[in-house]
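S.K.: Numbering (this note's numbering), first residue to last: 17 to 341.
All residues carry an ideal CB built from backbone N, CA and C; glycine is no exception.
Note that the coordinates shown come from a computational prediction; the quantities given were computed from them, not determined experimentally.
There's a structure below that I have some questions on.
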Ligand SMILES: [Zn+2]
């Protein structure tokens with residue numbers, strides 16, 4: 017277990033203020049026992065204890081002089097509500113950390129306060145330091161006073177071995193949490209499973225554009241489903257039509273995602289599909305695939321940073337595309 021610098025002070029903006037990074041308040045490389053959580057809390061400085069106790073918990077904070085059991089129960093409830101597995105979509109690219117099922121657990125006090133939005137303006141990732149730092153990347157313009165939000169979801173990349181069955185590399189649908197690329201009813205269920213209701217613009221049923229937003233999201237879901245449909249087996253008989261159809265789906269997807277303001281990981285997923293099908297569709301017009309890959313690279317930079325494994329992999333693919341005769 018390690019504890020590092022604490023809350024607000026450790027957040028620092030990089031040039032362009034597009035990325036922030038923070039150390040965990042409490043970190044365990046393996047899932048802790050309840051007594052270890054209490055032990056770690058006791059070792060925190062007074063300021064860090066305050067930061068810890070200021071995090072949300074699904075119960076009332078104990079009174080001024082609580083019984084020891086109540087106090088410790090509250091500390092554990094805060095832990096349960098805020099501790100996360102600091103893995104990252106990016107880590108999946110390097111295979112350095114299991115994308116799901118990692119035993120590490122940490123509380124990042126500022127990051128823990130970020131609310132979910134179905135049109136998030138930030139992406140959270142974790143670096144490869146030990147313990148991992150949480151990083152927050154701004155993926156689109158943010159108005160003064162606008163809340164920073166993330167999607168409560170984990171999206172990770174398709175591995176190379178999957179490419180033979182899906183035809184296309186790129187990102188899978190989220191494996192956990194809320195897939196923002198779905199209609200309202202599907203999202204609402206996923207959000208309820210996480211224990212809250214979403215009041216973001218896309219979920220606001222009284223908004224006069226709600227039906228339009230919802231129709232777009234449903235179409236986006238349909239297109240991703242078609243692109244990820246593994247029941248279609250490519251064959252000599254269907255390959256041309258399949259490539260044509262999937263390229264058209266990917267291009268339509270890009271357009272709808274941009275309209276909906278889903279310009280982070282979701283758009284990267286769409287561009288990954290578009291690039292793959294451009295390459296297959298018009299091998300003699302490599303500039304088309306290269307153009308798409310430039311856009312993909314830009315988004316990966318915004319989502320994970322230039323120093324990320326994901327960016328380096330995308331950069332390498334770009335170099336390969338540009339070398340093709
Ligand atoms: Zn929402």
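Roughly how many angstroms lie between the CA atoms of residue 208 and residue 200, to the nearest whole one?
M.R.: About 12 Å.
S.K.: Given residue 328, which residues of its chain have a CB within under 6 Å of its CB, disregarding the five upstream and five downstream residues?
M.R.: There are no such residues.
S.K.: How long is the line joining the alpha carbons of residue 337 and residue 240, rounded to whole angstroms?
M.R.: Each residue's alpha carbon lies about 24 Å from the other.
S.K.: Find out if the Cβ-Cβ distance for the pair residue 308, residue 287 is shorter than 7 Å.
M.R.: Closer than 7 Å, so yes.
S.K.: Pick out whichever of 137, 96, 226 has its Cα sitting closest to the Cα of residue 160.
M.R.: Selected option, being the one with the closest Cα: 137.
S.K.: According to DSSP, which residues form a beta bridge with residue 122?
M.R.: For residue 122, which the question treats as bridged, DSSP gives the partners 43, 100.
S.K.: Check whether the stretch 53-60 touches the stretch 90-100, counting contact only when three or more Cβ pairs, one atom from each stretch, lie closer than 8 Å.
M.R.: Touching, per the Cβ criterion.
S.K.: Would you call the stretch 152-167 and the stretch 127-135 in contact, with 3 or more CB pairs under 8 Å?
M.R.: Result yes; three or more Cβ-Cβ pairs closer than 8 Å.
S.K.: Evaluate residue 211 with the Cβ neighbour count: other Cβ atoms within 10 Å of its Cβ, from every protein chain shown; 16 or more gives buried, anything less gives exposed.
M.R.: Exposed, because fewer than 16 other Cβ atoms sit within 10 Å of the Cβ of residue 211.
S.K.: DSSP beta-bridge partners for residue 193?
M.R.: Per DSSP, 169.
S.K.: Give me the DSSP bridge partner(s) of residue 230.
M.R.: Answer is none; residue 230 lacks a bridge partner.
S.K.: Looking at residue 218 and ligand 1, is the gap between the Cβ and the nearest heavy atom below 6 Å?
M.R.: Yes, since a heavy atom of ligand 1 falls inside the 6 Å radius drawn around the Cβ of residue 218.
S.K.: So who's on the other strand from residue 132, going by DSSP bridges?
M.R.: 166, per the DSSP bridge assignment.
S.K.: What residue does the beta strand (DSSP E) around residue 154 start on, and which one ends it?
M.R.: Where residue 154 is concerned, the enclosing beta strand (DSSP E) stretches over 150-154.
S.K.: Between which two residues does the beta strand (DSSP E) containing residue 139 stretch?
M.R.: Start and end: 138-142.
S.K.: At a cut-off of 6 Å, would you count residue 134 as near ligand 1, judging by its Cβ distance to the nearest heavy atom?
M.R.: Yes, since a heavy atom of ligand 1 falls inside the 6 Å radius drawn around the Cβ of residue 134.
S.K.: Within the present structure, is the beta-carbon of residue 138 separated from the nearest heavy atom of ligand 1 by less than 6 Å?
M.R.: Every heavy atom of ligand 1 is 6 Å or more from the Cβ of residue 138, so no.
S.K.: I need the boundaries of the alpha helix (DSSP H) containing residue 307, first residue and last residue.
M.R.: 302-320 is the extent of the alpha helix (DSSP H) around residue 307.
S.K.: Take the Cβ of residue 194 as the centre, count every other Cβ of all protein chains shown within 10 Å, and call the residue buried at 16 or more, exposed below.
M.R.: The residue in question, residue 194, is buried, as its Cβ has 16 or more Cβ neighbours within 10 Å.
S.K.: Quick check: the Cα distance between residue 296 and residue 231, rounded to an integer number of angstroms?
M.R.: C-alpha separation (whole angstroms): 30 Å.
S.K.: Ligand 1 and residue 197: does any heavy atom of the ligand fall closer than 6 Å to the residue's C-beta?
M.R.: Not under cutoff, so the answer is no.
S.K.: Tell me the DSSP bridge mates of residue 38?
M.R.: Residue 38 is bridged to 150.
S.K.: In or out: residue 181 buried (at least 16 other Cβ within 10 Å) or exposed?
M.R.: The predicted model places residue 181 with a pLDDT of 36, which falls under 50 and marks its position as unreliable; any figure quoted below should be read in that light. Exposed, because fewer than 16 other Cβ atoms sit within 10 Å of the Cβ of residue 181.
S.K.: So, are the CB atoms of residue 155 and residue 319 less than 7 Å apart?
M.R.: Their beta carbons are under 7 Å apart, which means residue 155 touches residue 319 by this criterion.
S.K.: Relative to the alpha-carbon of residue 128, which residue among 88, 81, 87, 41 has its alpha-carbon at the smallest distance?
M.R.: It is 41.
S.K.: Along the chain, where does the alpha helix (DSSP H) that runs through residue 212 open and close?
M.R.: Here residue 212 belongs to no alpha helix (DSSP H), and DSSP marks it neither H nor E.
S.K.: Return the chain-ordered list of same chain residues with a C-beta closer than 8 Å to the C-beta of residue 82, the five sequence neighbours on each side being excluded.
M.R.: Closer than 8 Å at Cβ, skipping near neighbours: 90.
S.K.: Just to confirm the assignment, what range does the alpha helix (DSSP H) spanning residue 291 have?
M.R.: Residue 291 -> alpha helix (DSSP H) spans 281-297.
S.K.: How many angstroms separate the CA atom of residue 198 from the CA atom of residue 259?
M.R.: Near 24 Å, if we compare the C-alpha coordinates of residue 259 and residue 198.
S.K.: Applying the criterion that 16 or more other CB atoms from any shown protein chain within 10 Å of the CB defines a buried residue, is residue 303 buried or exposed?
M.R.: Exposed, by the Cβ-count rule.
S.K.: Starting from residue 82, trace the alpha helix (DSSP H) both ways and give me its first and last residue.
M.R.: Per DSSP, residue 82 belongs to no alpha helix (DSSP H) and is neither H nor E.
S.K.: How many whole angstroms separate the CB atoms of residue 36 and residue 152, which I take to be in contact at a CB cut-off of 8 Å?
M.R.: The Cβ separation is near 5 Å, so the contact holds.
S.K.: Regarding residue 214 and ligand 1, is the C-beta to nearest heavy atom distance less than 6 Å?
M.R.: Yes, the beta carbon of residue 214 sits closer than 6 Å to at least one heavy atom of ligand 1.
S.K.: Give the single residue among 339, 101, 158 whose Cα lies nearest to the Cα of residue 119.
M.R.: For residue 119, the nearest C-alpha among the options comes from 101.
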